[in-house]
Amino acid sequence: MFGFHVRLGLKSLKRNPVLTALMIGAIGLGVGVCLTTLNVYYLVSGNPIRSKNDVLFAVQLDSWDPADPWDDENPARPPPELTHRDATAVLASEIPARSVVMHKGAFVLAPGEEDSEVKPYIVELRLTPGDFFAMFNTPFKYGSGWDERADANGDAVIVLSKDTNDKVFGGEDSVGRSIKLDDREYRVVGVLDEWTPVPKFYDLNNGAFDEIEEGFIPFSRSEMLEVSSAGNTNCWKPESINSYREFLTSECVWIQAWVELPTAAKVAEFQSWLDSYVGEQKKLGRFQRPLNNRLTRPDEWLQVNEVVSDDNRVLLGISFMFLAVCLLNTVGLLLAKFSGAAAVISLHRALGASRALIFRQHMIEVSIVGIAGGVLGVALGYLGLIGLRQLYNGYEEVTRLHWDVAIVSLCMALIAGVLAGLYPTWRIMRLQPAPYLKTQ
């Protein structure tokens, strides 16, 4: 019986192709706009490290200017980064299960093999302890990260991103092979598999939706090679900085710090340790602002840094209002279509068709319109994401179609079609056949 209703619905839609196209187009356009904005919102508002949200914490210490807060709009907010001396103190604490202090650096990468066709090019690398990979659940395609000995010795080892390995080594297992960074040879110990955290929660300073770095090397090599930060460096204190050593002991903040604290007791213990550390530094004339040490979980960290702005929410709301306008237009088109078929429906009623049968037939018809509109909407939404990708550089991951959103959009289109068809179907179901039969 269902197949019979579907065939009748398709025949009915074919009888008036212009109205059918307008209805499908209206739903498709509304769903397409919603899919584009919903897909972007879904990705930017996600937490890519949700599985460890309760045990990871960004570390903040308020070492900023006592006369001028870090954030004028939110004076209680401490800087998002640490000074080098504070970062090394956090790294030395034995309380966290894992600790990571890190920054970005720029290097010239060249293949280690002289016969390679890849020319040297500039890359951004992350200088970090080896705990980075276990802390943030980074997947490996080949090899692994480095050990504590490599951290302590500042070994010339590197973990490559998948894209870098594909570019330099053609995607082969490059563990044990070498590359050159600024003419220094590094041994590849691992290659990451596909890893695209969106947002890039562990470093939001230069772009929450930037791609991950091309590679990772031990943090201890930063001081050894006097590597400047390729990210943010903010200073407040008038200081004479004439050497890298003086920069490391300055009040400039430029290093991100994260810790892994598996229990509430460890969180409390580390918070107490931070307070004690700052108390000792106050005695040395540092940290002249009120005590303000913070441990922030990833989901809160994304909110604090306003990764999802009010503009994103407003745009999402506007897109759904646009869908509502499209549905109202579809309601009008369905009323026109069903009213035009009033004589045929009256004849069906006269021949014994019940109101329930008429209702079921027309609801299947509008469901077909909804499904067709959904397919069109997904296609239009995909084109919209491609358009955004062309307009805005650096948003490749945010404008990638997420199939969960596509499926939701198809369901949304079906529901939209059904909702749009309820009133016109109810009107035609309540139709009295006698006046139409008398005119025939």
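The sequence shown begins at 201 in my numbering and counts up by one. Using N, Cα and C, we set each Cβ at its ideal position, and we do this for glycine too.
- By the neighbour-count criterion, in which a residue is buried when 16 or more other Cβ atoms sit within 10 angstroms of its Cβ, Ala468 is exposed.
- Nearest Cα to Ser378 within the set Glu313, Trp603, Asp475, Leu229: Glu313.
- Per DSSP, reduced to three states, the secondary structure at Gln488 is coil, with no helix or strand assignment.
- Asp403 is positioned such that its CB atom lies no closer than 8 Å to that of Gln481.
- Per the coordinates, the alpha-carbon of Glu372 lies some 14 Å from the alpha-carbon of Glu394.
- Going by beta carbons, Ser429 and Lys304 fall inside the 8 Å limit.
- Annotation: Leu580 to Leu516 spans about 17 Å, alpha carbon to alpha carbon.
- Going by DSSP, Val359 is part of the beta strand (DSSP E) stretching over 357 to 360.
- Bounds of any alpha helix (DSSP H) do not take in Ala457; it lies within the beta strand (DSSP E) bounded by 456 to 460.
- Per DSSP, Ile322 is one residue of the beta strand (DSSP E) stretching across 321 to 328.
- When DSSP states are grouped into helix, strand and coil, Val233 belongs to the helix group.
- Judged by their CB atoms, Gly354 and Ser299 are not nearer to each other than the 8 Å cut-off.
- If the five residues before and after Pro279 are omitted, its C-beta is found closer than 6 Å to the C-beta atoms of Trp264, Trp270, Val453, all from its own chain and listed in chain order.
- A direct Cα-Cα distance of roughly 12 Å separates Trp346 from Tyr386.
- Partner residues in the beta bridge of Val301, as assigned by DSSP, are Ala457.
- Judged by beta-carbon spacing, Cys435 lies within the 8 Å limit of Ser450, meaning their Cβ atoms are closer than that value.
- Counting only residues of its own chain and dropping the five nearest sequence neighbours on each side, Ser440 has a CB closer than 8 Å to the CB of Glu446.
- When DSSP reads this structure, Asn406 sits in no beta bridge, so it has no partner.
- Counted as a single uninterrupted DSSP element, the alpha helix (DSSP H) harbouring Ala350 occupies residues 348 to 353.
- Inclusion of Phe333 and Met302 in the CB contact set at 8 Å is not warranted, their separation being larger than that value.
- Contact between the stretch 523 to 536 and the stretch 603 to 621 is present, with at least three C-beta pairs closer than 8 Å.
- At a Cβ-Cβ threshold of 8 Å, Val388 and Leu360 count as neighbours.
- Cβ neighbours of Gln488 within its own chain (closer than 7 Å, five residues either side excluded): Pro266.
- Residue pairing from DSSP places Pro311 in a beta bridge opposite Ile379.
- Using a C-beta cut-off of 8 Å, the stretch 497 to 515 makes no contact with the stretch 282 to 293, since fewer than three inter-stretch Cβ pairs fall below that distance.
- The beta carbons of Val259 and Val290 sit closer together than 8 Å.
- If you draw a straight line from the Cα of Val566 to the Cα of Met223, it comes to about 9 Å.
- Annotated three-state conformation of Leu392 is strand, per DSSP.
- As DSSP reads the structure, Ile417 sits in a beta bridge with Leu327.
- Shown here, Leu243 sits in a helix according to DSSP, grouped into three states.
- In chain order, Pro278, Arg489, Asn492 place their CB closer than 6 Å to the CB of Asp262, counting only its own chain and leaving out the 5 sequence neighbours on each side.
- DSSP places Ala258 within a strand segment (E or B) once states are collapsed to three.
- Pairing Arg207 with Lys214, the inter-Cα distance amounts to about 11 Å.
- Under DSSP, the beta-bridge partners assigned to Glu385 are Lys380.
- For Phe470, the enclosing alpha helix (DSSP H) covers residues 464 to 483.
- Leaving aside the five residues that flank Leu229 on each side, the residues in its chain whose CB is nearer than 7 Å to its CB run, in chain order, Cys526, Leu580.
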